[in-house]
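S.K.: Here the sequence shown stands for residues 7 to 211, numbered as in the working numbering.
Cβ coordinates follow ideal geometry from the N, Cα and C atoms, glycine included.
My structure is below; once you've seen it, I'll send some questions.
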Amino acid sequence: MALAISLYNFATLQRTPEVDVHLPHLVRIEPRAPGNSVHVFLQPTISTRIRTEDVEVVTDARLELKPADPGVPTPAFYWNESGAWIYDFDANQVNYNRVADPTPLVVSQDKPQQPTILFHSQDWAFRKGRYTGSLVLQRASSGTPVTKRFCIEVSDAALKTFSQAPERAFFELRNDVPGPGPGPGPGPGPGPGKKPAASDCYSFH
């Protein structure tokens with residue numbers, strides 16, 4: 007029995023880490039970023055539940071947003087930088103600080119990652135409707151990326167608020183506010199061939 011356990015533990019240690027990705031209940035956006043651009047801030051938790059001798063390295067992160075309305079242009083986002091949110095007690099607000107260039111992330115059971123990633127899209131703006139989102143993480147160990155799907159719902163009221171706010175204002179979109187949700191959206195959801203549930207859809211309240 008001891009030999010079997012030892013062999014199992016050895017085999018487990020030799021495995022490639024299996025990466026899990028989870029998104030928080032809050033996504034921040036900067037709909038009027040400088041130069042006619044849009045910023046989306048995602049803070050995923052990237053972890054592995056299995057202890058192995060090897061580590062995983064996330065070499066790149068991409069954000070894909072697909073509008074449900076075919077008349078809305080599809081944005082092209084890229085990982086511009088990583089940062090941190092700092093709470094200003096006197097002003098009762100959070101401020102964003104840049105902390106790093108887009109660099110690879112080392113992930114192990116003892117070292118989960120929770121970066122705040124700023125995704126930038128130039129010459130684009132949110133319009134009313136639903137967007138199917140995909141956070142795509144490229145891994146050094148495999149040509150198959152890890153993909154986490156979600157959706158964003160933008161209402162007329164939200165667009166009005168965005169347009170009246172000053173440039174560089176941040177807005178919080180949540181998926182956990184009690185009350186009727188926006189409902190499942192079109193397109194793929196959290197898993198292959200599935201649709202995002204209401205709890206996977208972020209909206210402005």
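Does the Cβ of valine 219 have 16 or more other Cβ atoms within 10 Å, making it buried, or fewer, making it exposed?
M.R.: Past the boundaries of the shown model lies residue 219; the chain is included only from 7 to 211, so the question cannot be answered.
S.K.: Helix, strand or coil, according to DSSP, for phenylalanine 83 in the structure here?
M.R.: Here residue 83 is taken as the residue at index 77 of the sequence shown, counted from 1. In the structure shown, the three-state DSSP call for phenylalanine 83 is coil.
S.K.: Can you look up glutamate 24 in the DSSP assignment and give me helix, strand or coil?
M.R.: Walking along the sequence shown from the start, residue 24 turns up at place 18. In the structure shown, glutamate 24 sits in coil (DSSP, three-state: anything other than H, G, I, E or B).
S.K.: Within the continuous beta strand (DSSP E) that includes proline 67, where are the two ends?
M.R.: One-based indexing of the sequence shown puts residue 67 at position 61. What sits at residue 67 in the sequence shown is alanine, not proline. 62 to 73 is the extent of the beta strand (DSSP E) around alanine 67.
S.K.: Go ahead and pull the three-state DSSP assignment for leucine 29.
M.R.: Looking up residue 29 in the sequence shown gives position 23. The answer is coil: DSSP assigns leucine 29 none of H, G, I, E or B.
S.K.: From this set, Val33, Phe95 and Asp66, which residue's C-alpha is nearest histidine 211's C-alpha?
M.R.: In the sequence shown, the residue the question calls residue 211 occupies position 205. Nearest option by C-alpha distance: Val33.
S.K.: Pairs of beta-carbons, one from the segment 105 to 123 and one from the segment 71 to 88, closer than 8 Å: are there three or more?
M.R.: yes
S.K.: Contact defined as beta carbons within less than 8 Å: I believe tyrosine 208 pairs with phenylalanine 156. What is the distance between those atoms, to the nearest angstrom?
M.R.: Position 202 of the sequence shown, counting from 1, holds the residue named residue 208. Position 150 of the sequence shown, counting from 1, holds the residue named residue 156. That belief holds up - the Cβ atoms of tyrosine 208 and phenylalanine 156 are roughly 7 Å apart, short of 8 Å.
S.K.: In this structure, does DSSP put alanine 39 in helix, strand or coil?
M.R.: Reading the sequence shown from its first residue, position 33 is the one you call residue 39. Three-state result, alanine 39: strand.
S.K.: Which two residues bound the contiguous alpha helix (DSSP H) that contains alanine 163?
M.R.: In the sequence shown, counting from the first residue as 1, residue 163 sits at position 157. That run of the alpha helix (DSSP H) goes 162 to 170.
S.K.: Aspartate 60 and proline 23: beta carbons closer than 9 Å?
M.R.: Here residue 60 refers to the residue found at position 54 when the sequence shown is read from its first residue. Here residue 23 refers to the residue found at position 17 when the sequence shown is read from its first residue. Contact flag set, yes.
S.K.: Short check: CB of phenylalanine 83 to CB of serine 127, under 9 Å?
M.R.: Numbered from 1 along the sequence shown, position 77 holds the residue referred to as residue 83. Numbered from 1 along the sequence shown, position 121 holds the residue referred to as residue 127. Contact flag set, yes.
S.K.: For the beta strand (DSSP E) holding threonine 138, just list the boundary residues, first then last.
M.R.: Taking the first residue of the sequence shown as 1, we reach residue 138 at position 132. If you look at threonine 138, you'll find it in the beta strand (DSSP E) that goes 135 to 145.
S.K.: If distances are taken between C-alpha atoms only, which option among Ala146, Glu36 and His45 comes closest to threonine 167?
M.R.: Counting from 1 along the sequence shown, the entry for residue 167 is found at position 161. In terms of Cα proximity to threonine 167, the closest of Ala146, Glu36 and His45 is Glu36.
S.K.: What would DSSP say about aspartate 96, mapped onto helix, strand or coil?
M.R.: Counted from its first residue, the sequence shown places residue 96 at position 90. Here DSSP, grouped into helix, strand and coil, assigns aspartate 96 to coil.
S.K.: Should the segment 90 to 100 be called in touch with the segment 143 to 154, which here means at least 3 C-beta pairs below 8 Å?
M.R.: no
S.K.: Apart from the five residues on each side of it in sequence, which residues of its chain come closer than 6 Å, Cβ to Cβ, to aspartate 129?
M.R.: Mapped onto the sequence shown, residue 129 falls at position 123. Around aspartate 129: Asn42.
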